[in-house]
Every structure is written in structure tokens, then in C-alpha cells.
Amino acid sequence: MKEFLLGKLSLKALPHEWSTIGATMTFLVGALVLVLLITRLKRWKWLWNEWLTSVDPKKIGIMYFIVATFMLLRGGLDAVMIWLQQALSSGASNGYLSAAHFQQIFTAHGNIMVFFVAMGFMFGLINYVVPLQIGARDLASPFLNTLGFWLYVAGAIMINLFFVLGGEYAATGWLAVAPLSGTQFSPGVGVDYLIWSLQISGIGTTLGGINFVMTILKMRAPGMTLRKMPMFTWASLCSMVMVVTVFPILTVTLFLLFFDRYLGMHFFTTDLGGNAMMYTNLIWMWGHPEVYILMLPAFGIYSEVVSTFSGKRIASYTSQVLGMIGVSTLALLVWLHHFFTMGAGANVNAFFGIMTTVIAIPTAVLVFNWIATMYKGRIRFKTPMLWFLGFISVFSFGGLAGLLLAVPPANFQLHNSLFLVAHFHTMVIGGVLFGIFAGITYWFPKVTGFKLNERIGRYAFWGWIIGFCMAFIPLYVLGFMGATRRLDHYDSSTGWQPLFILALIGGIIISVAVVLQIIQIIASVIQKRQLADTTGDPWYGRTLEWATPSPPPFYNFATIPTVTARDAYWEIKRHGGLPKPKYEDIHMPKNTAYGIYVSAFAFLAGFAFVWHINWLAIVGIIGAIVCVIIRTFDEHVEYTITADEVEKIESKMRKKNLAADGQGEEMGLWDFVKIVITFIADIFRKKLWRRI
Amino acid sequence: MLKRTKMTTYDKAALVVLFVVGLGLLLVVLTDGYNIALFNPKGPIASEQRNLMTFAIGLMLVVIIPSVLLTFFMAWKYRASNKKATYNPNVRHGTVFNLSLWLIPIVFMLIMAVVIWNTTHKLEPNKPIAANSKSLTVQVVAMRWKWLFIYPEQNIATVNFLQIPVGTPVSFKLTADDAPMSSFWVPNLGGQLYAMTGHINHLNLMANTSGDYPGMSAELNGDGFSGMKFTARASSPAVFDDWVRTVKASSSVLDAAEYKKLVRPSKNTPVMLYSSHVQGLYNAVVLKYMHMHPGSYKLAESPHQ
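Chains as they are written, first to last, in our numbering: chain L, 315 to 1006; chain F, 16 to 320.
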């Protein structure tokens, strides 16, 4: 009976190690503080109605940012723990982590950074920006969007749940390669947490992908043909088409692995005809395109940034679009380069090696095109532009390392080494993350109505660049020295320790840079009047999102603009600005909580599968399906705002904009420190705690 | 009070160059005297792989360095504060520009494609190495978490220690028993290949200098992964023959019972030397995973027992 009710769950699953107890306490205290705060401020209703159930892509985008930021800090903590262990664990010292614990940390680090940080930020940016760029008021399916977001949240909770129940995460590496991830070698619940956290968030990603393909293809403003679409929208389209193409592969692969583990099947086991090599193929058929799914929106961001801050249209629109389409198509044909060393033979290896180098062609076209865009431009070096220059410097050499890895005989020497680790971190940090930072800085005034502090932003940028070089250049050298990845311990005779320590110092510098970024945001909030964006167009932008006020009203555009040329808003500005608005009735989708309900049931089902609680799994699955069905029968999903109301909102917004000043000097780091000191002094002097 | 001095672009560029050069020098100093295995080849395969890497790096730098420099030149020349630079938001980038945009990378990638095709076939790991001397076969079994080396011609076996004669091509036959995928890698001798259950991968390597070289599993395979190391000792053929005789004098024998003990998971396993092994052991290990029904094979029932 107990087994029927609770499956494998027992009291032993509760935290009993320093790490799991610590994490659980942090979660509990954090949740308690949050609950108390919201109750105290009487904000529950507001939170539920205005945010959690919202289908506004702008609000969903902001919620993606918030979750992704927390996950970035969580994954960053993992990174610091990895660096620290490797710096300590040489010769007689075994560091401060056991092998199993260390392996769980790098596995979680990989999963979190790819699925919940990079994907989260990209989906956040796409949600916020794409509808504005194409002149749409909403997405093709607002419900799918909120559902996709909440499935992502469910996955994010699931990946952290092992701290509270179970105490172990997968120790298999982020892709859970078989047969290591089978029950034979990983009997615990760690791999199950991995499977279900990726499965649930992955399904959310697929739904998001479908939604954005539909939105971009069907919801563009009149006149915006495909060949007049902004670069970021094009990049998002390429990326989302890839999502729709390859995420089903991930879903199927994880299901097969789940069948192996849950039902004792033999798809990927060592015995009874299982074939683990098939798993490696399948997971990389998704895994390689996944890298480009993250990379392409970043390419789009760089295109917007370079074009805007050079005050020029992109040098060759056609080449840029073909380049992005080329990258996304070729990315589907290179997966085998992740395992040349499996021994597929010379013809197969050579084919995939050549396909991989072929991707460098469209990528090089993009880079040359950005260079040509700067030619005869008038370049303003705001921080997004700095991130772009940092990206070019870092990404080019990371690309070189990638091409080296694409040559099969060289790959035999470099595969699974720290050289490989350094390579993909160069691409993901230097390419994707810098792109995200550029994008956040670029669109921040649109989202919040005020710009980010440039001075502190520059310090953070330099911190990232210096820290990045110190953290990852030693790893390239370590790879040349024959250091494999994922080592929790190595001999002192290898001479690797000084390099690992150097990498740790680099990691600490990156952490400082992250703190600076947090300070940057706080400092900007303090000075939001001085930094206010009163025009809605702080960078003299080129695309339609800058035609709206900052932040835009919930319906985006009171009047849908008509597009006549590429860089639509730039053209509108050149020809006398926006026409006088003609207000009309606007139909907007109603908020819905069904995204939350479905995701909650999906979460329950995943949790039940982790712990083998069959009845709960059935409840979860049926619950999710029933919720979807109920939602489909709801025909009152829209409401109307009359033209009069729109006019009122618009005029109110204009007055509010005039009230902000947008003048004055930005504070530096020292000013910020002084403000913090004064604030702390105030707390004590005025005994502020009495007011709470 | 501190007076804020503004750094010029030149100052910043100089600082960046200084930082990169300093980091490079620091790395040279820190690695001085240690084995930079990939650039310290001790056999023909590793040395060809090193040459290939050097060539590919050189070829790519020809494109990448000018691109990066051009990026910074453009960014600097057309900075908004430079009043001398012309600003023309309507520059026409014509056909020539578009063609060269594509043609330059295409040419370089064609060269790379030819290089890849040729070298991949030339350095395919299952291709035997041409040499005057007779080759040596070593059967390799990856276990949790140690390497078993079986010398069928010498009828000896070792754990976590590999000795090979210099100048003799060695044909490694890689498989695994009761272990997840592992990867056999001796970086000083050449690239790695996976060792998997029920599967034989052929890796041909050769040493041309005597010495002890580190070997390991390059693929994560569980708890004892980082301790799954061995020494690959290359010595003259005479010393190798002496060594074989020493091993033959060892009292341990790799019989069925010992094998069963050996295959159990163990971490940081010490070197073991066996004077003989069960005949057909390697084939039995491979076939074990090819049978559709586990249990139909039993080591004790093997015909050579």
C-alpha cells in the first residue's frame, strides 16, 4: 500500500547532506520572505491578475527574464563550484567534493545554462520584441505562449527539486548519454529528474516555437513582406523553425530513455539488443541544432545593434538573410561531429567534417556583412556596441577552435578534452550570452522606460572580457596538455594546477562582473528619472518597436502602422514621422490561468514518474489533457477596448512621458557605494525597521 | 579626491594588447617543462595530427586575424566623434561586394574540405600503419574503472599498464565489459576512440620514442572516471621482450574466477600483471553483449577452458 501511494518516495529522500540541506533552507526562507512580502503589500490579486495569468507577450517576456536571471545565478554558482574543485583537487588533495557530487554539479550546470538561462533569455527577448517589430498586437496563439512559459517554469522547478527530495541529480553529463544514464549504471532518481525537467520545458519550447512561426508568418503589419522583415525577426524565424524541426527529436529520445528506465525496455541498454550509439546519434541530432537555435537570435540582435548604432541599414540584406537561413539549414546536417571518435569510418566522418566547415561560410558572410555595415556609418559606442565588438573578438577565435574540432583526425586528439570545453564556452558565452547582454541593454529602455547606466555597464563589460579570457584561455592550453573534461581529480605531476587556479581567478572576475551588472540595474532604477526615455526611441532606432512609447501600452500599437520599406520606422521618420493616429476598437485576448493549471498537472506527472507513483502520474496526465480540452471549449477568449478608451490611454501616456525628464549625469560606481552607505546609515539612524 | 582621467582609445588598445601578451607569457611560464601532449608527439599518428592542427590553425588565422582587425579598424574609423570620416547611410553595396562576401569564405572552405577528405582517409584509426616490423595486437577491455590489456600473441594480460615496443605498429582492439562508453586515449601517441560493450573499435598507433606516456579514459563513465588512468610505456623491442618474460614469471593468472573479480567496479585500481589468461576471453567478452539472451553465455563454459 505504501508503495502504491508513494512509489519509491520515503523519508530517506529528505535532505541530509550539507549541500541539499543548505539549498532546501534557502528555498524555504526565500519562499517565506516572498509570501510575507506579497501578503504585507496586499499584492496577491495583482500578481495573479496582472502577471501570472497574463497572455501579454511583453509581460511573459519579462517573466522569462526574471526566471532566467535566477537560473543564471544558480548555474553560475555551479560554475564557481566546478572551478574551485578543479583548482584544489590535485595530487594528494581531493578537493572539497566527492566525484559523484562533482559530476552532478557539472551536469546540472550544463542543463541549467542551456535550457533555463540561454533559452529563457532568448524566449524572453523574442516574446517582447518580435510582436513589436512586426507591428502586431499579440501572438497567433496567446494561450500557447502562456502555456509554453509555465511549462518552462515547471521544468525550472523540477531541476531544482532534487535538493528537496532525493538529494541527487544526474551524474551523466548534460546530455545524459546512454548507457551511463540507464538504470544499470545510474539507478538513482537523478537521471529521472533530468529527463522530466528537460521533457517538460522542452515541450514548452516546442509549443513556443510553433507559436512564433505562426506569428511571424501570419501576423505582420500590412506591407511588411518577408523581404521587409527586420533582422531580429528573421533570426527568430530561423531559430523557431529549427525548434519545431528538432525539439520533437529530443522529446522522443527522452521518452525512449524514460521507457528504458521506467518500464525496463532496451532501447539503449548494453544488453538485449539495446544500442547506446543510437542514443548518441539521436540526442545530438537535437543537440547540435540546439546550439544554433540559441546562436541565431543572437545573430539577429547583433545585426540590429550594429545597424542602429552605425546609423546605417544592414549592408546586404539578402546575404544576411541567406546567411541565417544557411546556418540554420546546415546546422541540421552536422550532428555526427560530436562523436567522430565513435569509429563510424572515414567516409562518414569526412562528410560530417566537411559539412561542419561549410557552416563557416554563411557565418563568415554574417561577420563580413556586419563589418561592411559599419563602413561609412556613424558609430556610437553605447554598451550594446561594446558587446558586439567583444563578441567578434572572442567568437572568431572560438570559431577557429570549432573548425579545428571539425577536422576528424584533429578531433580524435581534441575531443572530450578541455579544449572542447573552452571552445563551446567561447561560443556560448562570447556568442550567445554577449548577444543576450547586448539585447537586454538595447531593449531595456523599451521594456522599462529608462536606459541602463552606461558607466557601470562598461565596467561590467570589461570584467566579463578579462574574466572570460583568464577563465577559458587556460582551458585551451590544458586541452593541448591532454587534460580531459569533467575531471574531479588529477595528478600533481601533470602541472595542470596553476592553470586551473588561473581559470578560477578568471571565474571570480566574471562573478565580480555579474555583481556589477546587478549594481548597474539597481543604479539605473535609482536614477530612472535621469535615464528616462521620453521619446520611445532612445537610440534613434530603425524598426517598429521604437515607434511605440516606452514602455509600450498593452495593445502595442493604437494604430497598426503600414510598412513601405525595410527598416520601417527609419523610413517613417525620414518621411515626416508617424501619421496622426486614427483610433479604432481593439480586440485583445483575455488572461487565462489554464497555462498554469496544465503546467501544474504536467509537473505532477513528471514528479510522479521520477518517484514511480503511478496513480499520481495518471492524475497528472489526465488533468493536463482535461484542462486543455476545457480551455478549447472556452469561446469567450477576447475582449474589446473601444476607440475612446484607447484615446484616453494614449493621451494619459503622453502626459506621463512629458513628466519624466531624461536629463542629468549617470552615477558611477563610487556614487553608488556612497548611496548604499547613506541608505544603510539611514536604516540605523531613522530605525527604519520599525516601519515594516 | 581622485581625479577621473579619461582613457583614450589608444590607451585602451595598449592595455588590451598588454593583457593578452601578459596572459600568453604567463601561460608559457606556467606550462614550461610539462608535457604539452598534443604538441609533443611520440609517434607518427600523433605527429601527423599535430601537423594537421598547425596547418588548419594557420589557414584559419589568415582569414580570422584580418577580419578581427578590420572590424576594429572600421569601428574606430567611423566612430561618431571622427568628424573627418564620411557618413553615408545610403551606401550601395553592389554585386561585387555580395559576391566577394560569399566567395572568400567559399574558397577557404574548399581548401579545408579537400584537406579534411584526404586526411580523414589517411588517418582513419582502423587503417593499419605501414612499417617494416611485424605489428603487435593488444586487446583492450574498458571496465569500471580500469583498463584491461590482453596480449593474445604473448598470452599475458595487464591492468592499467601498457607496454609496447618502439617502432612497432600496435593494433588496439577496443571493447568494454560491464561499463558505459569509455574512450581510450594516449595523447602523446595519437587520438582517441570509444570502447563500447559488444563492439570492437580498431585503433592503430605506434611509438617511435621510448618513454612513459599518460593514458586515460577521455569519456565520462561514472564515479571512478578520473582515476581510470594507465601508463603507456614505449621501450626498445628487446626491453619489451624482457618485460614480457617478467610478466610471464608473475604468479597471478587471469582465469575465469579472477576475471569475475576484476570486472567488478573498483576505483584507482593499481597495476596488475597476469602471466596468462583464459583463451578466447576477449571474444567471449565481446560476444556476451551480442547474444540476445543474457545468461546463455557463461565464461566457465567457454570451450577453451
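All C-beta atoms in this analysis are idealised placements derived from N, C-alpha and C, irrespective of residue type, glycine included.
Item, Value
"Report the rounded CA-to-CA distance for H889/L versus F871/L, giving the unit in angstroms.", "19 Å"
"Considering only residues of the segment 97-180 of chain F, which uninterrupted alpha helix (DSSP H) runs meet the minimum length of 4 residues and lie entirely inside it, listed in chain order?", "110-137"
"Check whether the Cβ atoms of L323/L and W757/L lie closer than 8 Å to each other.", "no"
"Counting only beta-carbon separations shorter than 8 Å, does K313/F have a partner in chain L?", "Low confidence applies here, because K313/F scores a pLDDT of 47, under 50, leaving its location unreliable; read the following figure in that light. Not one chain L Cβ lies under 8 Å of K313/F."
"Nearest by alpha-carbon distance to Q169/F: which of L114/F, D26/F, T261/F and P202/F is it?", "T261/F"
"At a CB-CB cut-off below 9 Å, which residues of chain L make contact with R94/F?", "R692, I693, R694 and F695"
"Inspect the beta-carbon positions of V635/L and W701/L and report whether they are closer than 8 Å.", "no"
"Check whether the segment 403-413 of chain L touches the segment 432-448 of chain L, counting contact only when three or more Cβ pairs, one atom from each stretch, lie closer than 8 Å.", "no"
"Please check if any C-beta of chain L sits within less than 8 Å of the C-beta of H162/F.", "Reading the sequence as shown, one finds Trp at residue 162/F and not His. For W162/F, the answer is no, since every Cβ of chain L falls outside 8 Å of its Cβ."
"Let's see if you can read the secondary structure: which residues bound the alpha helix (DSSP H) around M385/L?", "P371 to L402"
"Write down every uninterrupted run of the alpha helix (DSSP H) in the segment 647-693 of chain L whose length is 4 residues or greater and which is fully enclosed by it, in chain order.", "660-688"
"Work out the CA separation of H292/F and H319/F for me, nearest whole Å.", "For H319/F, the predicted structure reports a pLDDT of 38, less than 50, and the residue's modelled location is therefore unreliable. A value from the coordinates is still provided. In a straight line, the C-alpha of H319/F is about 11 Å away from that of H292/F."
"Distance, Cα to Cα, A100/F vs G614/L?", "27 Å"
"State the Cα-Cα distance for the pair W929/L and G753/L, rounded to the nearest angstrom.", "45 Å"
"Would you call the segment 622-629 of chain L in contact with the segment 571-583 of chain L, where contact means no fewer than 3 C-beta pairs closer than 8 Å?", "no"
"Distance check for V877/L and K542/L, CA to CA, integer angstroms please.", "8 Å"
"Rounding to the nearest angstrom, what Cα-Cα distance links I833/L and F775/L in this structure?", "13 Å"
"Among Y606/L, V620/L, I668/L and I514/L, which residue has its Cα nearest to the Cα of T643/L?", "Y606/L"
"Using C-beta distances below 7 Å, list every residue in its chain close to R999/L, excluding the 5 sequence neighbours before and after it, in chain order.", "none"
"In or out: K894/L buried (at least 16 other Cβ within 10 Å) or exposed?", "exposed"
"Answer yes or no: do F786/L and H729/L have a C-beta to C-beta separation smaller than 8 Å?", "no"
"Enumerate in chain order the residues of its own chain whose CB-to-CB distance from Q207/F is below 7 Å, with the five nearest sequence positions on each side excluded.", "S198, F199, W200 and A233"
"Would you check if the distance between the CB atom of K321/F and the CB atom of D238/F is smaller than 8 Å?", "This structure leaves residue 321/F out entirely; chain F is present only between 16 and 320."
"In chain order, what residues of the same chain have a beta carbon less than 8 Å from the beta carbon of G713/L, not counting five sequence neighbours either side?", "A674, T677 and M741"
"Against chain L, does K188/F count as a neighbour if the rule is that its beta carbon must be under 8 Å from one of theirs?", "no"
"Just curious, the beta strand (DSSP E) that H217/F is in, first and last residue?", "N216 to L220"
"Measure how close the beta-carbons of M313/L and C552/L come, nearest whole angstrom, since I'm counting them as under 8 Å.", "In this structure chain L extends from 315 to 1006, so residue 313/L is not present and cannot be described."
"Measuring only between beta-carbons, confirm whether K887/L sits less than 8 Å from chain F.", "no"
"Please decide whether H803/L counts as near chain F, where near means a Cβ-Cβ distance under 8 Å.", "yes"
"Less than 8 Å between the CB atoms is what I'm expecting for W368/L and N725/L, so what's the real figure, rounded?", "The question names Trp, yet the displayed sequence has Ser at residue 368/L. About 47 Å separates the two Cβ atoms, so there is no contact after all."
"Out of I989/L, L489/L and T755/L, point me to the one whose CA is closest to A590/L's CA.", "L489/L"
"Once you ignore the five residues that flank T183/F on each side, which residues in its own chain have a CB closer than 6 Å to its CB?", "S148 and L151"
"Within 8 Å (strictly less), CB to CB, does W132/F reach chain L?", "yes"
"Can you check which of these residues, P229/F, M221/F, Y289/F and R159/F, is closest to F499/L by C-alpha distance?", "R159/F"
"Going straight from the alpha carbon of S290/F to that of V185/F, what length do you get?", "20 Å"
"Take Y25/F as the anchor and find which of W91/F, P59/F, T46/F and A61/F has the nearest alpha-carbon.", "W91/F"
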